[in-house]
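K.L.:
Chains as they are written, first to last, in our numbering: chain A, 1 to 121; chain B, 122 to 242. Here a beta-carbon is modelled for each residue, glycine too, at the ideal position from N, C-alpha and C. Dropping the structure in here first, questions after.
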DNA sequence: CGGCATCCCTAATGATACTG
DNA sequence: CAGTATCATTAGGGATGCCG
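Encoded structure:
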């Protein structure tokens, strides 16, 4: 019985690690202070660089530039330079970036609820 | 028409900010390298301190201690010191912590999928 | 076993100025 | 407008040792 229990515990422990690993992967990709806010803005609609800088309050052009580059490298967003005009580029979610929607929505929902809860207390 | 368009754009911009704010709130609470992995482990089952340290690979006791304290302060987890035994404490999700489930599941799901995608490419 | 204290280092971010 | 370059600062986190 104790042997069986040990085996069960070990299996549970392994299973638990299998839950954690993908979560850590996600954090690598969309973690940090800025990426989810940027993605949230882009899930709303496509934005230009300076529009993003206004929406994501407090971000510097330096950080915005870097984060956009990382998100693009990971295939979550795409950059389109408008051909007609000069010095205009637009950022948008790729289909793969749109697949983050469940995460974005669940976070937004929980966060909205939490804010209300904190305010009312 | 251009006036209407400006009003519409401004409304959209405000609405977008309303999407971003709660997301930033959530990041404040469960962001960073360790909190979501810890919460994921606890969503699986309650854990003791050293069990968590094993599950959340690479975390030091210092960081685990600090993160657990923050999560408890935010009402997401609870600590139970077992009365019978000495020096044993268990951590578990509170009901409020369990309300994070949608976030945890959506991240785990996306992360699992992403890992498969990366591996196969 | 479950932590806390100290010291230290690096990565992340900010501030500012500049450019095509 | 959409960034880049440089410098300064800070927060996050690792290593280690100690303690009830």
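For residue 36 of chain A, which residues of its own chain have a beta-carbon under 6 Å away from its beta-carbon, when the five flanking residues on both sides are left out?
P.N.:
30
K.L.:
For the segment 215-222 of chain B against the segment 72-92 of chain A, are there 3 or more C-beta pairs whose distance is under 8 Å?
P.N.:
no
K.L.:
Assign residue 198 of chain B to one of three DSSP states: helix, strand, or coil.
P.N.:
Of the three classes helix, strand and coil, the one that applies to residue 198 of chain B here is strand, per DSSP.
K.L.:
Going by Cα to Cα distance, which pick from B/131, B/177 and B/186 is closest to residue 25 of chain A?
P.N.:
B/177
K.L.:
My understanding is that residue 76 of chain A touches residue 58 of chain A, with C-beta atoms under 8 Å, so please give their C-beta distance in whole angstroms.
P.N.:
Not really, about 22 Å apart at Cβ, beyond 8 Å.
K.L.:
Below 8 Å on the Cβ atoms is my contact criterion, and I expect residue 16 of chain A with residue 162 of chain B to pass it. Report the Cβ-Cβ distance as a whole number of Å.
P.N.:
6 Å
K.L.:
Name, please, each residue of chain A whose Cβ falls closer than 7 Å to the Cβ of residue 228 of chain B.
P.N.:
23, 26 and 103
K.L.:
Does DSSP put residue 184 of chain A in a helix, a strand or coil?
P.N.:
This structure does not reach residue 184 of chain A, given that chain A is present from 1 up to 121, and the question cannot be answered.
K.L.:
Under 7 Å Cβ to Cβ from residue 46 of chain A, same chain only, skipping five residues before and after it: list those, please.
P.N.:
Cβ neighbours of residue 46 of chain A within its own chain (closer than 7 Å, five residues either side excluded): 90, 91 and 92.
K.L.:
Classify residue 107 of chain A as buried or exposed, calling it buried when 16 or more other Cβ atoms lie within 10 Å of its own Cβ.
P.N.:
buried
K.L.:
Chain B partners of residue 6 of chain A, CB-CB under 7 Å?
P.N.:
Correct list: empty, because the minimum Cβ distance to chain B is about 14 Å.
K.L.:
If we count the other Cβ atoms within 10 Å of its Cβ and call it buried at 16 or more, is residue 202 of chain B buried or exposed?
P.N.:
exposed
K.L.:
Between residue 164 of chain B and residue 115 of chain A, what straight-line distance do the alpha-carbon atoms span, to the nearest angstrom?
P.N.:
23 Å
K.L.:
Spell out whether any CB of chain B is found under 8 Å from the CB atom of residue 121 of chain A.
P.N.:
no
K.L.:
Does DSSP classify residue 89 of chain A as helix, strand or coil?
P.N.:
The answer is strand: DSSP assigns residue 89 of chain A an E or B state.
K.L.:
So that I know if they touch, is there some Cβ in chain B lying closer than 8 Å to that of residue 59 of chain A?
P.N.:
no
K.L.:
Please confirm whether residue 152 of chain B has its beta-carbon closer than 8 Å to some beta-carbon of chain A.
P.N.:
Yes, residue 152 of chain B counts as interfacial toward chain A.
K.L.:
Report yes if the CB atom of residue 64 of chain A is closer than 8 Å to the CB atom of residue 53 of chain A, and no otherwise.
P.N.:
yes
K.L.:
Comparing the C-beta of residue 232 of chain B with each C-beta of chain A, is any distance below 8 Å?
P.N.:
yes
K.L.:
In whole angstroms, what separates the C-alpha of residue 51 of chain A from that of residue 143 of chain B?
P.N.:
19 Å
K.L.:
From residue 239 of chain B to residue 127 of chain B, what does the alpha carbon distance come to, in whole angstroms?
P.N.:
43 Å
K.L.:
Roughly how many whole angstroms lie between the Cα atoms of residue 199 of chain B and residue 130 of chain B?
P.N.:
45 Å
K.L.:
Whole angstroms is fine: what's the gap from residue 215 of chain B's alpha carbon to residue 195 of chain B's?
P.N.:
10 Å
K.L.:
Can you give the beta carbon distance from residue 27 of chain A to residue 154 of chain B, rounded, assuming they're within the 8 Å contact cut?
P.N.:
7 Å
K.L.:
Just the Cα atoms here: how many angstroms apart are residue 110 of chain A and residue 11 of chain A?
P.N.:
32 Å
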